[in-house]
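Asks: To start, I am sharing the structure in question, which I have written as structure tokens.
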Amino acid sequence: MHRVSLIPGDGIGPEVVGAAVQVIAASGAEIEWEVLEAGAEIVEKHGTPMPDHTLNSIRKNRVALKGPLTTPIGGGYQSPNVALRKSLELYACLRPVKDVPGVRTRFENVDLVVIRENTEGLYSGIEHRVVPGVVESLKVVTEEASMRICEYAFQYAKEHGRRKVTAVHKANIMKMSDGLFLECFRRVASRHQDIEQETMIVDSTCMQLVQWPERFDMLVMENLYGDILSEICAGLVGGLGVVPGANIGEDCAVFEAVHGSAPDIAGQNIANPTAVILSSVLMLRHLGEGTAADRVETALYGVLSEGVQVTPDLGGTVGTSGMAEAIVARM
Ligand code: NAI
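Here the sequence shown is numbered in my numbering, starting from 1 and rising by one per residue.
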């Protein structure tokens, strides 16, 4: 029996996370969920969208499945997602981007892994007004975090039989910050000569990704580039509804989809649960429940291949709950 923290999230979160919980229950893995509070509606009660008791539960259980959490734009409280990643030192954001059966896209055989540094860069949230009309936002890059994320990328490559790691940067302009990241990548890469390695400027990477995604295998980069490139990569395989993710640290791991709370479709039972279910597959593997993970993945891919009992964004005829029921029926 595994005890796992569960953050349903807001917007479409409770719908897609509910679908994933239903599917996991049928997978054979024994999970006891500890359902936790987080998000906008608890800010008044606790003064924060990510209270200590929620963080402490994840510290104790070491594994969490999380739905998306809305973040106010241009003001308001700090992003609960960023707070979670920083508080638990979930330094590596892992996003495997792979073709999904039954989802028509412009490219075939896309199989990429994006590794994003999760704790610093422009997401440090250090902003101030110098004088009226002038603000500064600081990009923080440390040797420690850069070495750690590059090492994680090469270790992942070794453990998962990947062939190449590309470091993405803009060190031609940000000579000190991205320069340090690049120097760290080169130092780590020199210890892993058995894996192919290259460095590439971020704008060129964006263009090449949408022209020849097959020339890439794994990409490692700082926080903001990772955020943007993850979404470009999601677009290559059918959009945000189908890409899973994980935030990994030394002590804890939090599994969540790449997509946000999608307020435009919340509460309508039409959100695609694929991304959260695939994140659950990553979680089951992390827990050592490989057989349960394979069962979920096979049933999900079966339902997606048929293309009928899937959500409207995939051209299907059922809602979020109907798709979950179809996956369970296949298992
Ligand atoms: P979003 O990912 O929520 O939505 C972008 C577009 O994709 C929308 O048209 C939405 O309907 C569609 N979409 C997303 N997930 C889908 C799914 N599962 N099925 C079908 N369609 C789906 O991005 P947006 O609108 O920029 O962000 C909304 C809120 O979510 C913001 O407050 C943002 O800060 C937050 N957010 C939270 C994240 C997290 O908790 N990790 C990650 C990204 C955004």
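Built from N, CA and C at the ideal position, the CB exists for glycine as well.
Do V243 and L278 come within 9 Å of each other at the CB atom, strictly closer than that value?
Replies: Contact: yes.
Asks: Applying the 10 Å Cβ sphere with the 16-neighbour rule, what's the burial state of I73?
Replies: Burial call: exposed.
Asks: If distances are taken between C-alpha atoms only, which option among K175, H286 and E15 comes closest to A29?
Replies: Comparing Cα positions, the closest option is H286.
Asks: Pick out whichever of A145, D111 and D178 has its Cα sitting closest to the Cα of G249.
Replies: The residue with the shortest Cα to Cα distance from G249 is A145.
Asks: Who pairs with C252 in a beta bridge, going by DSSP?
Replies: Its beta-bridge partners do not exist; DSSP assigns none.
Asks: Between M176, V134 and V165, which lies nearest to R116 when the distance is taken from Cα to Cα?
Replies: Closest option to R116, Cα to Cα, is V165.
Asks: Between G102 and L304, how many whole angstroms is the CB-CB distance? I'm expecting something under 8 Å.
Replies: Rounded, the Cβ-Cβ distance is 4 Å, consistent with contact.
Asks: Could you tell me whether the segment 118-132 touches the segment 78-93, where touching means 3 or more Cβ pairs closer than 8 Å?
Replies: With the cut-off at 8 Å, the segment 118-132 and the segment 78-93 touch.
Asks: Mind checking who G161 pairs with in its DSSP beta bridge?
Replies: Answer by DSSP bridge pairing: none, since G161 is not bridged.
Asks: According to DSSP, Q208 sits in a beta bridge with which residue or residues?
Replies: DSSP lists no partner for Q208.
Asks: Is any heavy atom of the ligand NAI found at a distance shorter than 8 Å from the C-beta of K66?
Replies: Within the cutoff, so yes.
Asks: Could you check whether the Cβ of V308 sits closer than 8 Å to any heavy atom belonging to the ligand NAI?
Replies: No, the Cβ of V308 stays beyond 8 Å of every heavy atom of the ligand NAI.
Asks: Would you mind sorting E222 into buried or exposed? The rule is 16 or more other CB atoms within 10 Å of its CB.
Replies: Flag for E222 reads buried.
Asks: Which residue from Q155, V141 and T199 puts its Cα closest to that of M176?
Replies: For the residues Q155, V141 and T199, the minimum Cα distance to M176 belongs to V141.
Asks: Taking the continuous beta strand (DSSP E) assigned at S137, which residues delimit it?
Replies: Element bounds for S137: V134 to S137.
Asks: Quick one: does L88 have its CB under 9 Å from some CB of chain D?
Replies: This model lacks chain D altogether; it includes just one protein chain.
Asks: Do you know how far the Cα of T199 is from the Cα of I173?
Replies: So the alpha carbons of these two residues sit roughly 15 Å apart.
Asks: Quick check: the Cα distance between L55 and Q78, rounded to an integer number of angstroms?
Replies: One C-alpha to the other measures close to 15 Å.
Asks: Looking at S5: is its Cβ nearer than 9 Å to the Cβ of L36?
Replies: Yes, they are a contact pair.
Asks: Quick one, are the C-beta atoms of V237 and T105 less than 9 Å apart?
Replies: Yes, Cβ-Cβ distance for V237 and T105 is below 9 Å.
Asks: From E44, K45, K66 and K60, pick the residue whose C-alpha is nearest to that of V21; which is it?
Replies: With distances taken between Cα atoms, V21 lies closest to K66.
Asks: Could you compute how far the alpha carbon of I126 sits from the alpha carbon of A83?
Replies: Taking the straight line joining both Cα atoms gives about 13 Å.
Asks: Can you say whether S190 is buried or exposed, counting buried as having 16 or more other CB atoms within 10 angstroms of its CB?
Replies: With fewer than 16 other Cβ atoms within 10 Å, it is exposed.
Asks: Where does D111 fall in DSSP's three states?
Replies: Here D111 sits in strand by DSSP.
Asks: Does the segment 261-270 come close enough to the segment 309-326 that 3 or more CB-CB pairs lie under 8 Å?
Replies: Touching, yes.
Asks: Would you mind reading off the limits of the beta strand (DSSP E) that contains Q197?
Replies: That run of the beta strand (DSSP E) goes E196 to I201.
Asks: Express the C-alpha separation of I327 and Y301 in angstroms, rounding to a whole number.
Replies: Distance between the alpha carbons of Y301 and I327: 9 Å.
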